[in-house]
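The structure under discussion appears below in the form of structure tokens.
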Amino acid sequence: MSQASARHILVDTEAQCNELKQQIEQGADFAEIAKQHSNCPSGRQGGELGSFGPGMMVAEFDKVVFSAPLNQVQGPVKTQFGYHLLEVTSRT
């Protein structure tokens, strides 16, 4: 069974998500941005979600995590929780 590890940043608006993505693309540290801005408890760990398999996250999240290139920030990805920036750190 496939497994992935990822980290994410969860915010309320698409505009904020795009702004944070731009900061990361300009060299800001993903983990620091997560600690400062993420609405998810994982933000305290730099957005780290650990390892998980298909179907363990919401469908919109899964679709990106199991298809996106590794170590590239993806998003905004809209779910019922808000807007996410995702970075897949490993996949097997």
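Residue 4 in the numbering used here is what sits at position 4 of the sequence shown, and the numbering runs on without skipping anything. Think of the CB as a built atom: it goes at the ideal place given N, C-alpha and C, for glycine as much as any other residue. All figures in this text were calculated on a predicted structure; none of them were measured in a lab.
Which residues DSSP lists as bridging residue i, in chain order
i	result
Ile-9	Leu-85
Gly-50	Ala-6
8 Å CB neighbourhood of residue i in its chain, flanking five on each side removed
i	result
Tyr-83	Leu-10, Val-11, Asp-12, Thr-13, Glu-14, Gln-16, Cys-17, Gly-75, Pro-76 and Val-77
Leu-86	Ala-6, Arg-7, His-8, Phe-61, Val-64, Val-65, Ala-68, Val-73, Gln-74, Gly-75 and Val-77
Sequence-distant residues of its chain with Cβ nearer than 7 Å to residue i (five each side left out)
i	result
Ala-28	none
Gln-23	Ile-33
Beta-carbon separation (whole angstroms), residue i vs residue j, contact threshold 8 Å
i	j	result
Gly-53	Ser-2	6 Å
Beta-carbon proximity of residue i to residue j, cut-off 9 Å
i	j	result
Val-88	Ala-31	no
Burial state of residue i (16 or more Cβ within 10 Å)
i	result
Met-57	buried
Ser-38	buried
Tyr-47	The displayed chain sequence assigns Gly, not Tyr, to residue 47. Counting Cβ neighbours within 10 Å, Gly-47 comes out buried, since at least 16 surround it.
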